[in-house]
Amino acid sequence: MASPPPFQPLVCVVDFHHARGPEIEHWIGCPEDTDPAAENDWHLIPYMALPDGAHQSEEEFSYFSLVHKASKGETGEAVDTEPTSVFGISCCHSIDANQMLWKSKDVTRSAVQKAIVAITDRPQSFGALREKLSVVTRAWFAQRDFRDMEVLQQFQANLSKGRTETEDERDQYFGLSLRELLHQFKWQTLVLFKCLLLQPKMLFFGSHCEQVCQVQFSLLSLIPGLVRSLRDCADPQLNRYAETLRRPDSVKTSDRASLLAYLGVPLQLFGKGSVFGPYTPLQSLDILTDLDTKSFVVGSTNSLLIQQKDRYCDVLVDLDEKNVTISPPSLRAALTLSTADRRWIDFLSQSVNDTWDDNDPSRPKTHGYVGSEEFIRLQFEEYLLALLSSEKYHQYLQCHNNGDPKALLADVEGDPSAEYYTLFLDAWRESENYKLWNSKTDSHLFDIVEPRHPNAGGLTIEDVQRRLAAQVAELHLDERFNQTRDVVNKRLADGRANVTSAFNKVWSDIEVMREAQRQRAEQTRAEKAAAASASAAATPRASVDEKPTSPTTAAGQVRSQKPDMANAQASVAAASSRAGAYLSSWGAWAAEKRRSGWRSNTPTSAAHPPPERPKVTTVSELGKEEATDVGNLPIYEQETSQKQRDLESNVPIYAEETRRSRESDGKDQSNPAGKE
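Reminder that position 68 of the sequence shown reads as 78 in the numbering used here, one-by-one numbering, no gaps.
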């Protein structure tokens, strides 16, 4: 049978039709009158190229896997009897329909959305391919006329010419940032790494499709050579790698590729019963729920899968919340990190945090080796190779448990595999990749790689301190206190401003009320004065003996009556005369006593009784009589009586003022200079 020809990269245009939905418009790089989508059953490409939520961003990328079926030669003979996996990467853009120089009659909405898809069998080159695809897509949209396909044709031709037999391994990880993965998930990164080896059903969820896909590729790249060996990952029925794998007979330790192959690396995580789909739309759920699908690593941006996570997956990785949820209790127990594991991942995570640069997360801010991408990959490679060697030494110890101690390694004490946690090793031994690796590798791998955990050793005080420091750092207390202080200061400033504004407003309202009250009082006084003047001029004085027919009428008459000043003056004169008579009687009585000589001790004093005091009404009695009479008078006469009593009490004062006034008038009359 002839050897299969290399896969030729393809380019297609996916359009979001406003009536029919996503569909493939054009194919570039395939013979005319052929439809690769129909030949390979790629009917889900439109949904993979336009992921959920792609319209929310200006540019969105999607990564997905496809099954390329066996092709036939010119004579109809099968060239490749086994299908293989290929990978697609799409770049989605949208443009305002009004900016188009030409648009078809099918455009009925305000925006036109299309995606350019490149399909290749080399996912390790996705980093460079992404940058090229982004430039080509922007240039094609800048034309504003989608009938011109020359840019896309040149892009496909360059992809076909750019294939080489050998590639630099440093370029295959371009665009995959392990530093960001460690910075986000910290110690949980090792949990995800060990979870891959157990081959459960893993679902990665996030709101950004490109981030979801890149995290999965970054995680797979931690296993050396795995990204290059994904030919069986698109369908659970593919198992070509396991069927063609042979045990290496020799090893060249100076050659890294030869050494890794002898150690059984890469581990075949995606063989029969396993699926890898960086982005998997809802239309592919039937593959995930199929009975033949035992494990998978897929990504999604649809929250419907989150709501039914217990049904579809064992492990949920939420990139938006940055947490890992493990549902089965047995799997959760197996993925518990040992003391040595936690010490190792804490050291690695700390090296990233110490060199983290927000402006450039992909490289350390010190531009050194510690904390770089290559440093992280080599650390995980050392961890994996030590795990494989320790497992082989564990098997060797079981075979020579009662044998000669000289057959054991002198510098290794006990079973080093226990440092990787016993429950994890028990679960790993049940996986398909372990069975394939154990059957295709030599039993004495520990003679090449030392069977020792990179951070072996018991629990120490430093481990406890490091653990506590990491847990305190994860709380972000400084950030929370700073945020709290800023919020409190802002609230105090706002409260102070609100209180000041409220007091100013209340004070202004009080001033307005006082001014309004003053104006109303002035207006009321003016109205009363005007009403009193008008009433005095229009109506005669009411009779004192006149009785009102009703209380309301009487009250109105009393309010409208004006005091009689003549009557008041007469009452004052009568009171003055009575006061004078009272004083005169006292003077007569005193004169009589003087004439009698005030002889109180003479015998005749008893025969002559003292003259009686004249029975004249006193001033106080006059006040009582006046008060008795005043009670029956109208209000204005009561006021006059009160004034009369005031005058009586101030008679001496009035007399003194009258005397002074007369003296002043006499001086004025004697001074004629004041007259004109």
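By construction, the Cβ of each residue, glycine as well, lies at the ideal position given by its N, Cα and C atoms.
Residue i to residue j span [Cα, whole Å]
i, j, result
"leucine 394", "cysteine 101", "35 Å"
"leucine 162", "valine 146", "7 Å"
"glutamate 423", "proline 464", "15 Å"
"tyrosine 403", "proline 93", "38 Å"
"aspartate 242", "threonine 130", "15 Å"
"glutamate 33", "leucine 76", "17 Å"
"tryptophan 6", "aspartate 45", "In the structure as shown, the chain starts at 11 and stops at 686, and residue 6 therefore has no counterpart that could be examined."
"arginine 528", "serine 543", "23 Å"
"threonine 199", "phenylalanine 214", "13 Å"
"valine 237", "leucine 345", "24 Å"
"leucine 255", "threonine 494", "60 Å"
"isoleucine 458", "aspartate 436", "24 Å"
"leucine 418", "aspartate 265", "28 Å"
"phenylalanine 151", "phenylalanine 136", "22 Å"
"isoleucine 645", "glutamate 521", "Low local confidence applies: a pLDDT of 48 at isoleucine 645 is under 50, so the model's placement there is unreliable, and no value is given."
"valine 201", "glutamate 141", "31 Å"
"proline 461", "serine 337", "32 Å"
"histidine 27", "threonine 432", "55 Å"
"methionine 212", "arginine 501", "45 Å"
"tyrosine 379", "glutamate 160", "44 Å"
"aspartate 43", "glutamine 134", "31 Å"
"alanine 584", "arginine 524", "48 Å"
"glutamine 567", "glutamate 532", "With a pLDDT of 45 at glutamine 567, under the threshold of 50, the modelled position of that residue is not reliable, and the figure given next carries that caveat. Looking at the two C-alpha atoms, the distance is approximately 25 Å."
"histidine 218", "glutamine 389", "29 Å"
"serine 72", "isoleucine 316", "20 Å"
"alanine 88", "histidine 78", "Because the pLDDT of alanine 88 is 49, which lies under 50, any placement of that residue in the model is unreliable, and the number read from its coordinates should be weighed accordingly. Those two C-alpha atoms are separated by around 14 Å."
"lysine 450", "cysteine 409", "19 Å"
"threonine 612", "serine 586", "Low per-residue confidence applies at threonine 612: pLDDT is 46, beneath 50, and the placement is therefore not dependable enough to give any value."
"alanine 64", "lysine 124", "10 Å"
"tryptophan 438", "serine 144", "41 Å"
"tyrosine 289", "cysteine 223", "6 Å"
"glutamate 384", "tryptophan 112", "49 Å"
"glutamate 602", "tryptophan 596", "10 Å"
"glycine 244", "alanine 420", "Correcting the residue identity first, residue 244 is alanine in this sequence and not glycine. Cα-Cα distance, rounded: 46 Å."
"asparagine 312", "glutamate 35", "25 Å"
Cβ separation of residue i and residue j, assumed to be a contact under 8 Å, to the nearest whole Å
i, j, result
"tyrosine 444", "leucine 397", "Wrong, their Cβ atoms sit about 11 Å apart, outside the cutoff."
"alanine 107", "valine 122", "6 Å"
"leucine 292", "leucine 277", "Contact doesn't hold; Cβ gap of about 30 Å is too wide."
"proline 374", "serine 382", "6 Å"
"isoleucine 38", "glutamine 153", "Between glutamine 153 and isoleucine 38 the Cβ distance is about 16 Å, and since that is not below 8 Å, they are no contact."
"tryptophan 197", "serine 348", "In fact, because the Cβ distance is near 12 Å, the residues do not count as touching under 8 Å."
"leucine 232", "arginine 353", "In fact, because the Cβ distance is near 19 Å, the residues do not count as touching under 8 Å."
"proline 246", "glycine 283", "5 Å"
"glycine 216", "aspartate 330", "6 Å"
"proline 210", "valine 334", "With 8 Å as the limit, proline 210 and valine 334 do not qualify as a contact, their Cβ atoms being about 12 Å apart."
"isoleucine 691", "valine 307", "Nothing about residue 691 can be read from this structure; the chain reaches only from 11 to 686."
"phenylalanine 434", "lysine 204", "6 Å"
"leucine 240", "leucine 341", "Wrong, their Cβ atoms sit about 24 Å apart, outside the cutoff."
Delimiting residues of the alpha helix (DSSP H) encompassing residue i
i, result
"phenylalanine 17", "It is not in any alpha helix (DSSP H) - phenylalanine 17 carries neither H nor E in the DSSP assignment."
"glutamate 220", "219 to 230"
"phenylalanine 385", "383 to 409"
"leucine 206", "198 to 208"
"glutamate 442", "442 to 449"
"histidine 193", "188 to 195"
"methionine 58", "55 to 59"
"serine 749", "Residue 749 lies beyond the range of the chain shown here (11 to 686); nothing can be said about it."
"leucine 433", "432 to 438"
"tryptophan 358", "It should be pointed out that residue 358 corresponds to leucine in this sequence rather than to tryptophan. Segment 349 to 364, the alpha helix (DSSP H) holding leucine 358."
"alanine 466", "Counting along the chain, alanine 466 falls outside any alpha helix (DSSP H), and DSSP gives it neither H nor E."
"tyrosine 183", "Note, tyrosine 183: premise wrong, no alpha helix (DSSP H); not H, not E."
"proline 46", "46 to 50"
"threonine 254", "250 to 254"
N-terminal and C-terminal residue of the beta strand (DSSP E) that residue i is part of
i, result
"histidine 36", "31 to 38"
"threonine 94", "94 to 106"
"phenylalanine 214", "211 to 215"
"tyrosine 73", "70 to 78"
Neighbour flag for residue i against chain C, beta carbons, 8 Å
i, result
"proline 374", "Among the chains of the structure shown, chain C does not appear; only one protein chain is present."
> Can you find at least 3 beta carbon pairs, one from the segment 258 to 268 and one from the segment 298 to 311, that sit closer than 8 Å?
Replying inline: Taking one beta carbon from each stretch, the segment 258 to 268 and the segment 298 to 311 have fewer than 3 pairs nearer than 8 Å; the two do not touch.
> Along the chain, which unbroken stretches of the alpha helix (DSSP H) at least 4 residues long are found entirely within the segment 117 to 169?
Replying inline: Runs of the alpha helix (DSSP H) lying entirely within the segment 117 to 169 and spanning at least 4 residues, in chain order: 136 to 152.
>> Suppose only complete runs of 4+ residues qualify. What are the alpha helix (DSSP H) ranges in the segment 263 to 336, listed by chain order?
In response: Here the runs fully enclosed are 266 to 272, 295 to 298, 314 to 317, 319 to 322.
> Are at least three pairs of beta-carbons, each pair with one atom in the segment 122 to 142 and one in the segment 20 to 33, less than 8 Å apart?
Replying inline: Judged by Cβ distances under 8 Å, the segment 122 to 142 makes contact with the segment 20 to 33, as three or more pairs qualify.
> Between the segment 226 to 234 and the segment 51 to 66, are three or more C-beta pairs nearer than 8 Å?
Replying inline: Taking a cut-off of 8 Å on C-beta distances, the segment 226 to 234 does not touch the segment 51 to 66, as fewer than three cross pairs fall below it.
>> Quick check for students: name the residue ranges of the beta strand (DSSP E) that lie wholly in the segment 497 to 525, counting only runs of 3 or more.
In response: Taking 3 residues as the shortest admissible run, the segment 497 to 525 contains no complete beta strand (DSSP E) segment at all.
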